[in-house]
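Q:
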Amino acid sequence: MIHARGVAILDFGSQYTQLIARRTREAGVYCEIFPGDAPLERILSIEPSAMILSGGPSSVYEEGSPRPAPGVLESELPILGVCYGMQLIALHDGGSVEGGDAREYGPARVSPVPGSALMLGIGEGHTAWMSHGDRVTAMPPGYSAAASTSSLPVAAMENPSRRRYCVQFHPEVAHTEFGPQVLSNFLFSIGGLVPDWSMERFRGEAVERIRKDVGPGGRVILGLSGGVDSSVVAALLHEAVPDRFTPIFVDTGLLRKGERESVEDTFRGHFGMDLVSVDASREFLSALSGEADPERKRKIIGRVFIEVFEKAAQGVGGITHLAQGTLYPDVIESVSFRGPSATIKSHHNVGGLPERMNLRLVEPLRELFKDEVRRLGRELGLPAHILGRHPFPGPGLAVRIPGPVEARDLELLREVDAVFTGYLVEKGLYDSIWQAFAVLLPVRTVGVMGDQRTYERVAALRAVTSTDGMTADWYRMDPAHMAAVSSEIVNRVSGVSRVVYDISSKPPATIEWE
Ligand code: XMP
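In this text, residue positions in the sequence shown follow the working numbering: the first is 761, and each later residue adds one.
(1) Considering only the beta carbon of each residue, do residue 916 and residue 933 sit closer than 8 Å?
(2) Quick check: what's the CA-CA separation for residue 1134 versus residue 857?
(3) Can you name the start and end residues of the beta strand (DSSP E) that residue 771 belongs to?
(4) Ends of the beta strand (DSSP E) at residue 919?
(5) Work out the CA separation of residue 957 and residue 1188 for me, nearest whole Å.
(6) Mind checking who residue 841 pairs with in its DSSP beta bridge?
(7) Figure out for me which residue from 887, 855, 1120, 891 has the closest Cα to the Cα of residue 869.
(8) By a C-beta neighbour count over all protein chains shown, 10 Å radius and 16 as the cutoff for buried, is residue 847 buried or exposed?
(9) On the three-state DSSP scale, how would you describe residue 958?
(10) Between residue 955 and residue 789, which are expected to be in contact by the criterion C-beta below 8 Å, what is the C-beta distance as a whole number of angstroms?
(11) Measuring CA to CA, which of 1249, 1234, 792 is closest to residue 1219?
(12) Taking Cβ positions, are residue 851 and residue 814 nearer each other than 8 Å?
(13) Starting from residue 1205 and walking both ways along the alpha helix (DSSP H), at which residues does that stretch end?
(14) Do residue 918 and residue 904 have their beta-carbon atoms positioned less than 8 Å apart in this structure?
(15) Rounded C-beta distance between residue 1037 and residue 1011? I'm assuming under 8 Å.
(16) Is any non-hydrogen atom of the ligand XMP found closer than 7 Å to the C-beta of residue 1058, if you look at the structure I gave you?
(17) Would you give the residue range spanned by the alpha helix (DSSP H) that residue 941 belongs to?
(18) Thinking C-alpha only, which one of 1056, 991, 896 is nearest residue 854?
(19) Which residues bound the alpha helix (DSSP H) around residue 1009?
(20) Just to confirm before moving on: does the CB-CB distance between residue 809 and residue 842 stay below 8 Å?
(21) Going by C-alpha to C-alpha distance, which of 830, 787, 1079, 1167 sits closest to residue 975?
(22) Note down the Cα distance separating residue 812 from residue 978, rounded to an integer number of angstroms.
(23) When you compare only the Cα positions, how much space is there between residue 1223 and residue 1180?
(24) What's the gap between the Cα of residue 966 and the Cα of residue 973?
(25) To test your reading of the DSSP string, which unbroken beta strand (DSSP E) runs of 3 or more residues are found completely within the region 1027-1070?
(26) Quick one: what's got a C-beta closer than 8 Å to residue 1193's C-beta in the same chain, skipping five residues either side?
(27) Per DSSP, what kind of secondary structure is residue 1121 in: helix, strand or coil?
(28) Work out the CA separation of residue 1232 and residue 816 for me, nearest whole Å.
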């Protein structure tokens, strides 16, 4: 999709690059992230109106430290250099950069220089977030300081005639109080961009693009899991090509309570989609029979899923395209965030199917961040309970029953999980938790109920806070809620007589138990 007047962000490895992109989009400007050394023609292919060079862990004097491709630093476009990006510009334009005596990390009070275009409207003494070793010690000719701190005479600099603006601090980080103001000064008053990136506009463009890609004779299928991403893709395809779109939902028998009904009600009932819903719970259970090894369980589930999905797809007939809920963080070519998210996603994708059935891919969310997908979902009228639902792993409850998976254990776990998450929703806690679920332990313990001794199972409750699932902390649940939910589980689910709460963070533990 071509967005004239967007921003190209060059990534030099900063952990904050993705934040720069999010802040830019929040300001209403479309942007894309490129590897720091991407060729100029590639960067220009999105017709950017400005560029931002990110920070990075290297020193500009280090051998092999990343550099922009030829032509980038000579460009006539306005450029904002952040931290390492500032040092690259300083060096290129004839200034000097030196290592400081110590790394400066953390908040610093910034004094803007009156008259600076970049610092326009920012008063004295606000706090900015610093994270650097090197610093600009002599500005290149034609530059003037735009801000300083008590230890850093050139905390920001600018050269309006070359359209170069540089900051040593990180405007993209929430700790930089005036960060959004710096960014909007750069984008709007300096760069002349207009804030026209909105989900409403994206929706219209995405629908047009799907129609064009699929063509008049095409037919699209989608593996619909009921999670946020595939649900939003489904709603978008239904709007674009309603008569030529078939979502396929596979009930693996490893889903949460009421999940199949909810997916059928929403997509077949409410949206009127031509939903194919396959009950494959027997296939999955029998393939998993007796298997205790976590990785082998995952592999079996992945293989059976592909078999079942492929059979269902063949039943639809005449298919030309497979839609997938790939998101922007899955496709950014960058050192800083090709992390576990890429591996996690591969579980959802229907490996090999496009080649075997000769299908082309439709990935309408490739340009979006997760929070934008949720906004798009709201725009498309998806219910809040789907958009706000906690993440759920592809292998489902199988990874929440350590050891072999039995049908009756799945029933038991579904009930416990429903009581737990139902309680969190009822008490208004669900939305402040990133992911919450129950695990059924393969352990029996002694209990006493009335006059009788019992010998029943243990359920572990897990609730975590996180931003992306890569690290997580256990949710500090009020003991009164713990007590209430524990007795509700034991009273309502026969077969479970003891409840424990998981207080492990990730790392060293993972979020799931397997
Ligand atoms: P872990 O357990 O690795 O989980 O800390 C991080 C996030 O990923 C989800 N998860 C998976 N998702 N297939 C998936 O689709 C998987 O095999 C899988 N394993 C974990 C987990 O629920 C959490 O949100």
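We put the CB at the ideal spot given by N, CA and C, even for glycine.
A: With the given structure in hand:
(1) By one-based count along the sequence shown, residue 916 stands at place 156. By one-based count along the sequence shown, residue 933 stands at place 173. Not in contact: residue 916 and residue 933 (Cβ atoms no closer than 8 Å).
(2) In the sequence shown, the residue the question calls residue 1134 occupies position 374. In the sequence shown, the residue the question calls residue 857 occupies position 97. Distance between the alpha carbons of residue 1134 and residue 857 is about 43 Å.
(3) Taking the first residue of the sequence shown as 1, we reach residue 771 at position 11. Run containing residue 771: 766-771, per the beta strand (DSSP E) assignment.
(4) Here residue 919 is taken as the residue at index 159 of the sequence shown, counted from 1. For residue 919, the enclosing beta strand (DSSP E) begins and ends at 916-919.
(5) As a first step, residue 1188 must be located in the sequence shown, where it is residue number 428. As a first step, residue 957 must be located in the sequence shown, where it is residue number 197. In a straight line, the C-alpha of residue 1188 is about 32 Å away from that of residue 957.
(6) Residue mapping note: residue 841 aligns to position 81 of the sequence shown, counting from 1. In the DSSP output, where bridge partners are listed per residue, residue 841 has 813, 926.
(7) One-based indexing of the sequence shown puts residue 869 at position 109. Closest by C-alpha distance to residue 869, out of 887, 855, 1120, 891, is 887.
(8) Along the sequence shown, read from residue 1 onward, the residue named residue 847 stands at position 87. Residue 847 is buried by the Cβ-count criterion.
(9) Locating residue 958 in the sequence shown gives position 198, counting from the first residue. Reduced to three states, the DSSP call for residue 958 is coil.
(10) Residue numbering aside, residue 955 sits at position 195 when the sequence shown is read from its first letter. Residue numbering aside, residue 789 sits at position 29 when the sequence shown is read from its first letter. About 6 Å separates the beta carbon of residue 955 from that of residue 789, a gap short enough to meet the 8 Å contact definition.
(11) Translated into positions along the sequence shown, residue 1219 becomes position 459. For residue 1219, the closest alpha carbon among the candidates 1249, 1234, 792 is that of 1249.
(12) Taking the sequence shown and counting its residues from 1, one reaches residue 851 at position 91. Taking the sequence shown and counting its residues from 1, one reaches residue 814 at position 54. The Cβ atoms of residue 851 and residue 814 lie no closer than 8 Å to each other.
(13) Position 445 of the sequence shown, counted from the first residue, corresponds to residue 1205. Where residue 1205 is concerned, there is no enclosing alpha helix (DSSP H), although the beta strand (DSSP E) it sits in stretches over 1195-1209.
(14) The residue given as residue 904 occupies position 144 in the sequence shown. The residue given as residue 918 occupies position 158 in the sequence shown. Yes, Cβ-Cβ distance for residue 904 and residue 918 is below 8 Å.
(15) Within the sequence shown, the letter at position 277 stands for residue 1037. Within the sequence shown, the letter at position 251 stands for residue 1011. About 7 Å; that satisfies the 8 Å criterion.
(16) Residue 1058 sits at position 298 when you count from the first residue of the sequence shown. Residue 1058 Cβ: within cutoff of the ligand XMP.
(17) Residue mapping note: residue 941 aligns to position 181 of the sequence shown, counting from 1. Note, residue 941: alpha helix (DSSP H), 939-944.
(18) Walking along the sequence shown from the start, residue 854 turns up at place 94. Of 1056, 991, 896, the residue nearest in Cα terms is 896.
(19) Counted from its first residue, the sequence shown places residue 1009 at position 249. Residue 1009 -> not in any alpha helix (DSSP H); beta strand (DSSP E) instead, spanning 1005-1011.
(20) On the sequence shown, position 49 is the one that residue 809 refers to. On the sequence shown, position 82 is the one that residue 842 refers to. Cβ distance not < 8 Å, so residue 809 and residue 842 don't count as in contact.
(21) The residue you call residue 975 lines up with position 215 of the sequence shown. Nearest to residue 975 by C-alpha distance, out of 830, 787, 1079, 1167, is 1079.
(22) Numbered from 1 along the sequence shown, position 52 holds the residue referred to as residue 812. Numbered from 1 along the sequence shown, position 218 holds the residue referred to as residue 978. Rounded to whole angstroms, residue 812 and residue 978 show a C-alpha spacing of 39 Å.
(23) If you number the sequence shown from 1, residue 1223 lands on position 463. If you number the sequence shown from 1, residue 1180 lands on position 420. Distance between the alpha carbons of residue 1223 and residue 1180 is about 10 Å.
(24) Position 206 of the sequence shown holds residue 966. Position 213 of the sequence shown holds residue 973. Taken atom to atom, the span from the alpha-carbon of residue 966 to that of residue 973 is near 10 Å.
(25) Entirely contained in the region 1027-1070, the beta strand (DSSP E) runs reaching 3 residues are, in chain order, 1036-1039.
(26) Counted from its first residue, the sequence shown places residue 1193 at position 433. Cβ within range, chain order: 1150, 1184, 1223, 1224, 1225, 1235.
(27) Reading the sequence shown from its first residue, position 361 is the one you call residue 1121. DSSP places residue 1121 within a strand segment (E or B) once states are collapsed to three.
(28) Reading the sequence shown from its first residue, position 56 is the one you call residue 816. Reading the sequence shown from its first residue, position 472 is the one you call residue 1232. So the alpha carbons of these two residues sit roughly 24 Å apart.
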